[in-house]
Ligand SMILES: Cc1cc2nc3c(=O)[nH]c(=O)nc-3n(C[C@H](O)[C@H](O)[C@H](O)COP(=O)(O)OP(=O)(O)OC[C@H]3O[C@@H](n4cnc5c(N)ncnc54)[C@H](O)[C@@H]3O)c2cc1C
Ligand code: FES
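In the numbering used here, the protein residues as written are 482 to 759.
Shown next as C-alpha cells:
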C-alpha cells in the first residue's frame, strides 16, 4: 500500500535533543507535515536515511506538536534507548536528517460525554498522553483528567512532571516504592475506581501488554468504556507486511487486525485479550 497524499514521507531535520531522564530523550524534528496529528497516532522514523543500517524504520508516538506555518511542523518524540535504532537516534544532532513517515494509525477518541478521563500508562506508554491532554485542554471540553503512571522506579517515570501544567492530576506507582505508591499501577487503578462514579468515567491505556490486559479486565468488570493503544514491532507501518497483527472480535468469531492501520488505538471491547497479553 502506498502512502496517501495526507502522509508525509520524506526528510525531517533534527532541531534539538533534550535529556529527559536516564536513557530518555526528547527529540524535536522539523518536518513538512500537512495533516493534523491526533494524539495516539505515530511516526515511523528511519533514524539514519543516509546509511543502509538499520534499514527498518522505528515507530514513535507524538509527545507534542507545534505547527509553524502551512509548510512546517515541529514534532517532539520522547524515546528511551533500548537497542540499535534508538542508540543511533540518540547520536543524531541538530540539522541531521531522519526519514519521517506519518502521521500514521488511529489515535484516541476524546469522549465528550464523559466527565472524568483516567489515563493508565506504563513506561514509554506515557508518551501519547501528553499530546492527548494538551489537545483536550485546547478543545473546550474540560474533563477532570487523572493520570495513573507506573514504572519500575522513579527515574523511569518519563516526563511525569510535565503533566500538572496541563491540569492533570498525577498519581505514580513504582515497583520499588521510590515515588508514589509501592506496587503496580493496576492496583492503583483498582483503588481509584472505587472512589469514582462509574458513569462519569472513560479509561485510556498505553503500556506493556500485561498491564493493559489487567486494565481492560478491570474496565470490563466495571463496565467502563476503555481505549487501549498497542505497541508492537513494526515493519512497513502501511498495512503491507503483516508484521504487526493482533486479534480482534469479529461477530462471534475473531480476525487479525493490522495495528499500523486499524490501531494502534482500539476500543478495548474489540480486543481478544490473550493476544493482547502475548
Ligand atoms: C505505535 C508505537 C508507538 C511507540 N512509541 C514509542 C515512544 O513514544 N517512545 C519510545 O521510546 N518507544 C516507542 N515505541 C517503541 C519503539 O518503537 C521501540 O522501542 C523501538 O523501535 C526500538 O528500536 P531499537 O532498534 O532501539 O531496538 P531493537 O534493537 O529493535 O529492540 C531492542 C529491544 O526492544 C524490544 N522492542 C523493540 N520494539 C518494540 C516494540 N514496538 N514493542 C515492544 N518491544 C519492542 C525488542 O524486542 C528488544 O528486546 C513505540 C512502538 C509502537 C509500535
Ligand atoms: S507493520 Fe507492516 S502491516 Fe503493520
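For every residue, glycine included, the Cβ atom is placed at its ideal position computed from N, Cα and C.
- Assigned with DSSP and collapsed to three states, residue 609 falls in helix.
- DSSP lists no beta-bridge partner residue for residue 549.
- With the rule of 3 Cβ pairs closer than 8 Å, the segment 715 to 730 does not count as touching the segment 677 to 687.
- Beta-bridge partners of residue 731 (DSSP): 734.
- For the 8 Å CB-CB criterion, residue 580 and residue 527 form a contact.
- CA-to-CA, the gap between residue 597 and residue 644 works out to about 16 Å.
- Short note on residue 747: C-beta not closer than 7 Å to any heavy atom of ligand 1.
- Using a Cβ distance threshold of 8 Å, residue 729 and residue 755 do not count as a contacting pair.
- At a Cβ-Cβ threshold of 8 Å, residue 631 and residue 666 count as neighbours.
- Counting along the chain, no alpha helix (DSSP H) covers residue 514, and no H or E run does either.
- A heavy atom of ligand 1 is found nearer than 7 Å to the CB of residue 715.
- Beta bridge pairing from DSSP links residue 506 with 500 and 560.
- For residue 678, the closest C-alpha among the options 703, 692, 501 and 654 is that of 703.
- Ligand 1 approaches residue 565 closely enough that one of its heavy atoms is under 7 Å from the residue's Cβ.
- With contacts defined by Cβ atoms closer than 8 Å, residue 555 and residue 601 do not form a contacting pair.
- Within the segment 675 to 739, the complete beta strand (DSSP E) segments of 3 residues or longer fall at 682 to 687, 707 to 710, 726 to 731 and 734 to 739, listed in chain order.
- According to the DSSP secondary-structure assignment, residue 489 is paired through a beta bridge with 583.
- Proximity to residue 636 across 510, 671, 658 and 509 peaks at 658, based on C-alpha coordinates.
- Straight across, the Cα-Cα distance linking residue 505 with residue 671 is about 29 Å.
- Close CB contacts of residue 653 within its chain, under the 6 Å cut and outside five residues either way in sequence, are with 630, 638, 660 and 661 (chain order).
- As DSSP reads the structure, residue 668 sits in no beta bridge.
- Under the DSSP assignment, residue 625 falls in the beta strand (DSSP E) whose first and last residues are 625 to 632.
- Within its own chain, the residues whose Cβ lies closer than 7 Å to the Cβ of residue 618, once the five positions on either side in sequence are excluded, are 647 and 648, listed in chain order.
- Between residue 589 and residue 708, the C-beta spacing is below 8 Å.
- Within 10 angstroms of the beta-carbon of residue 634 lie fewer than 16 other beta-carbons, which makes it exposed.
- In the same chain as residue 537, and ignoring 5 residues on each side of it, no C-beta atom comes closer than 6 Å to its own.
- Only exposed fits residue 676, as fewer than 16 other CB atoms lie within 10 angstroms of its CB.
- Judged by beta-carbon spacing, residue 541 lies beyond the 8 Å limit of residue 516, meaning their Cβ atoms are not closer than that value.
- In terms of Cα proximity to residue 608, the closest of 642, 727, 553 and 656 is 642.
- A direct Cα-to-Cα measurement between residue 753 and residue 567 gives close to 30 Å.
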